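Asks:
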Amino acid sequence: MYKNLKSLGTIFIAVSLVFGLLIRVFVVLYFTNFSGDQINDAYRVMGTWEGSPPTLGPGPAAWSGLSGEIYLPPLYYYLVFPFTVFTHDLSSQAIPNAFFTFLSIPLLSIVVYKLIENINSQKRYIIAALAGIWYSFLFRNIVFSTGDSLAGNPVSIPFFMLCFILLYTYQLEGKLSPRVEILSWIAYGICLAILVSLHFSALFVMPVIFICTLVFYICRNPKRIKRWFLSGVAIVSALLVLTPYWIGEVGRSWINTRTIISLVIDASSKKGHAVTFLQRLDQASRGYLDLGKDVYFISYSSLIIAVSIAFLFIVLVLGLIKFKGNKTILGLFLATWIVFLYAYSSTNLDITYNPVFYKVLIYLAPIVLTSCSLAYLNFAKKLDKVFIGLILLGIILSMLINIKYHYNYVSARSGMPRLANTSDIAHMLNQVPEKSIICDPIARYRNIRIYEYTDRYITKKQFKFVPECKPGSYLFYKKYESLGNFTKRSTKSFSEAFKEFDKKYSLFKDTPFYYIYRLDD
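All letters in the sequence shown, in the order written, are residues 79 to 599 by the working numbering.
Now the structure itself:
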């Protein structure tokens, strides 16, 4: 029955790649979604051009108050830096993430194909292709980071995690030539170094997984010196790639490293962390099941949320019970998910900042578990046939919901009128006289940092940016804003939006995307 499915699988792969490429190109060219975090990152990346290469990465962490400010290693900035050759625009941060998340599409299909062994090759191919197209259609891929942005340090974690898993799988198989084997272990260490630089969840989880994989690899034949040597190669390569961080830590007296270690040691006793088994179980289950409403079935509808919970629960149970495939790959996924959920469950989610990207290490879990379920359910059995039908309906519903969000996103950011992108911001700044003073109507400096960054590296009109408005200064007001479903709407009038703004002003220029006001002398 699977003979005619290979061509369908090929179509799935082609569609997933074309769609994945086009949507990422669009996001980069019409870059509208960003936050203060990405502006901070942009300044640090551009500091490399100015002779100040970063030795600390993004941070401080949202929970830094527990043990002091902590920062990631700086490798994310070195991933972004080469792409600033093409543009100094803030969108340069989205380019590497667009590149790596695009590569994640075929890479996920490859990993799933290797995962679901011992089944008909045609069935294996179609399921792997289905995993790729489903992942490609996930809307959260392009609005993953803070500010619903494609830019930001956590976005590329799925790609490097898949590389991490695939490299270790090939190493355990022992089929690589000696030269390729050494290169593979070097790449394995590099993947770890990059992962721990991309988000705090990976910083605390992936070293544990890395150490466990090395111990397992050595213990399979501890008398072989080669296994010790190759494990050492992976460790050394990871440490060497982190050289910028070590250089900075020497000058800082290792304060960031010591603070990270202190946080790990003290976290379990800090106020605000769950301590009972039932609390941990509740937090862990919420961490996984909330992926339904936040990623795979994005919705605030009680019915859709209930469907998403049922779907994720079914594929979890069936995927684990029915599994007969590659135990190394599933074992690595499960180990990562379990260690992450153990750490995640220590936090009181009711009082803690808890965005979707905090769960990036389990982001692919529903796709992986669904693939395992479909692979090993027997279509000849009536009950299995029912489950297959329900799972396929769930995937179709998930795709339709996500495609709708893609449509909203593109419609609001293309054509005229549209939401202002970073190029539109530069065009607007060019309408203001050189060396003008730019201010914010509520005296909040962070609201004008995007204009400051754009002027410093793009328009270069030597504006002065101050939070408080004074006579002769200029302020900007957007004509359109994004809603929660990523559609757009016209903003309120300036006078209605800022009723407490009591300074006299007049309209200086009406641009397609902004009103530019000048405060009267």
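Even for Gly, the Cβ is constructed at its ideal location relative to N, Cα and C.
Nothing here was measured: the structure is a model prediction, and the numbers come from that model.
Bridge partners of Ile-516, per DSSP?
Replies: By one-based count along the sequence shown, residue 516 stands at place 438. Per DSSP, Phe-543 and Tyr-552.
Asks: Short of 7 Å in beta carbon distance, which residues of its chain neighbour Ala-546, apart from the five on each side in sequence? Order them along the chain.
Replies: Looking up residue 546 in the sequence shown gives position 468. Ala is not the amino acid found at residue 546; the sequence shown has Glu there. Cys-517 and Ala-521, listed in sequence order.
Asks: Tyr-295 to Val-258, Cα distance in whole Å?
Replies: As a position in the sequence shown, residue 295 is number 217, starting the count at 1. As a position in the sequence shown, residue 258 is number 180, starting the count at 1. When rounded, the distance between both Cα atoms is 17 Å.
Asks: Taking buried to mean at least 16 other C-beta atoms within 10 Å of its own C-beta, is Gln-249 buried or exposed?
Replies: Position 171 of the sequence shown, counted from the start, is the residue given in the question as residue 249. Gln-249 should be labelled buried.
Asks: Does DSSP put Glu-530 in a helix, a strand or coil?
Replies: Position 452 of the sequence shown, counting from 1, holds the residue named residue 530. Three-state DSSP puts Glu-530 in a helix.
Asks: Between the Cα of Thr-425 and those of Arg-358, Pro-136 and Ala-575, spot the shortest distance and give me the residue it belongs to.
Replies: Counted from its first residue, the sequence shown places residue 425 at position 347. Thr-425 has its Cα closest to that of Arg-358, out of Arg-358, Pro-136 and Ala-575.
Asks: Classify Met-239: buried if its beta carbon has 16 or more other beta carbons within 10 angstroms, exposed otherwise.
Replies: As a working note, residue 239 is residue 161 in the sequence shown. Met-239 comes out buried.
Asks: CA-CA distance, Gly-267 and Val-311?
Replies: On the sequence shown, residue 267 is found 189 positions in, with the first residue counted as 1. On the sequence shown, residue 311 is found 233 positions in, with the first residue counted as 1. Going by the C-alpha atoms only, they are around 8 Å apart.
Asks: With 16 other CB atoms within 10 Å as the buried threshold, where does Asn-82 fall?
Replies: Walking along the sequence shown from the start, residue 82 turns up at place 4. The residue in question, Asn-82, is exposed, as its Cβ has fewer than 16 Cβ neighbours within 10 Å.
Asks: In chain order, what residues of the same chain have a beta carbon less than 6 Å from the beta carbon of Phe-576, not counting five sequence neighbours either side?
Replies: Working through the sequence shown from its first residue, we reach residue 576 at position 498. Cβ within range, chain order: Pro-519.
Asks: Leaving out five residues before and five after Lys-84 in sequence, what residues of the same chain have Cβ atoms less than 6 Å from its Cβ?
Replies: As a position in the sequence shown, residue 84 is number 6, starting the count at 1. So the qualifying residues of the chain are Gln-200 and Tyr-203.
Asks: Can you have a look at Gln-361 and say buried or exposed, based on whether 16 or more other CB atoms are within 10 angstroms of its CB?
Replies: For this step, residue 361 is matched to residue 283 along the sequence shown. When all chains shown are included, Gln-361 counts as buried.
Asks: Mind checking which residues open and close the beta strand (DSSP E) that includes Lys-167?
Replies: Numbered from its first residue, the sequence shown carries residue 167 at position 89. First, the residue type needs correcting, since residue 167 is Asp and not Lys in the sequence shown. Segment: none, Asp-167 is in no beta strand (DSSP E) and carries neither H nor E.
Asks: Give a yes or no on whether the C-beta atoms belonging to Pro-131 and Pro-322 are separated by under 8 Å.
Replies: Position 53 of the sequence shown, counting from 1, holds the residue named residue 131. Position 244 of the sequence shown, counting from 1, holds the residue named residue 322. Yes, the pair counts as a contact, with Cβ atoms nearer than the cut-off.
Asks: Between Ala-229 and Ala-172, how many whole angstroms is the CB-CB distance? I'm expecting something under 8 Å.
Replies: Taking the sequence shown and counting its residues from 1, the one referred to as residue 229 is at position 151. Taking the sequence shown and counting its residues from 1, the one referred to as residue 172 is at position 94. Confirmed, about 4 Å.
Asks: For Gly-114, I'd like the list of residues in its chain whose CB is within less than 7 Å of its CB, leaving aside the five on either flank, ordered along the chain.
Replies: On the sequence shown, residue 114 is found 36 positions in, with the first residue counted as 1. Arg-524 and Arg-527.
Asks: What does DSSP give as the partner residue(s) for Leu-394 in the beta ladder?
Replies: One-based indexing of the sequence shown puts residue 394 at position 316. DSSP, once it has assigned bridges, lists no residue as partnering Leu-394.
Asks: Identify the residues that DSSP records as bridge partners of Arg-567: which are they?
Replies: Taking the sequence shown and counting its residues from 1, the one referred to as residue 567 is at position 489. Looking at the DSSP assignment, Arg-567 forms a beta bridge with Glu-559.
Asks: My output table needs one value for Arg-524: the three-state DSSP class, helix, strand or coil.
Replies: Here residue 524 refers to the residue found at position 446 when the sequence shown is read from its first residue. Note: Arg-524 maps to helix in three-state DSSP.
Asks: Quick one, which of Glu-251, Trp-212, Leu-475 and His-505 has its alpha-carbon nearest Leu-381's?
Replies: If you number the sequence shown from 1, residue 381 lands on position 303. Selected option, being the one with the closest Cα: Leu-475.
Asks: What is the residue span of the beta strand (DSSP E) that Leu-245 lies within?
Replies: Against the sequence shown, residue 245 aligns to sequence position 167. Segment 235 to 251 is the alpha helix (DSSP H) holding Leu-245; no beta strand (DSSP E) there.
Asks: Within 10 angstroms of the Cβ of Met-494, are there 16 or more other Cβ atoms? Answer buried if so, exposed if not.
Replies: Residue numbering aside, residue 494 sits at position 416 when the sequence shown is read from its first letter. Counting Cβ neighbours within 10 Å, Met-494 comes out exposed, since fewer than 16 surround it.
Asks: Ala-504 and Thr-532: beta carbons closer than 8 Å?
Replies: For this step, residue 504 is matched to residue 426 along the sequence shown. For this step, residue 532 is matched to residue 454 along the sequence shown. Yes. Within cutoff.
Asks: Closest to Tyr-191 by C-alpha separation, out of Val-446, Thr-414 and Val-233, would be which residue?
Replies: What you label residue 191 is simply residue 113 of the sequence shown in a count that begins at 1. Of the listed residues, the one whose Cα sits closest to Tyr-191 is Val-446.
Asks: What is the C-beta distance between Val-283 and Phe-90, in whole angstroms, given that I count them as a contact (C-beta under 8 Å)?
Replies: Against the sequence shown, residue 283 aligns to sequence position 205. Against the sequence shown, residue 90 aligns to sequence position 12. About 31 Å; that fails the 8 Å criterion.
Asks: When the Cα of Tyr-600 is compared with those of Ile-339, Asp-502 and Lys-400, which residue comes out closest?
Replies: Given that the chain is displayed from residue 79 to residue 599, the structure contains no residue 600 and the question cannot be resolved.
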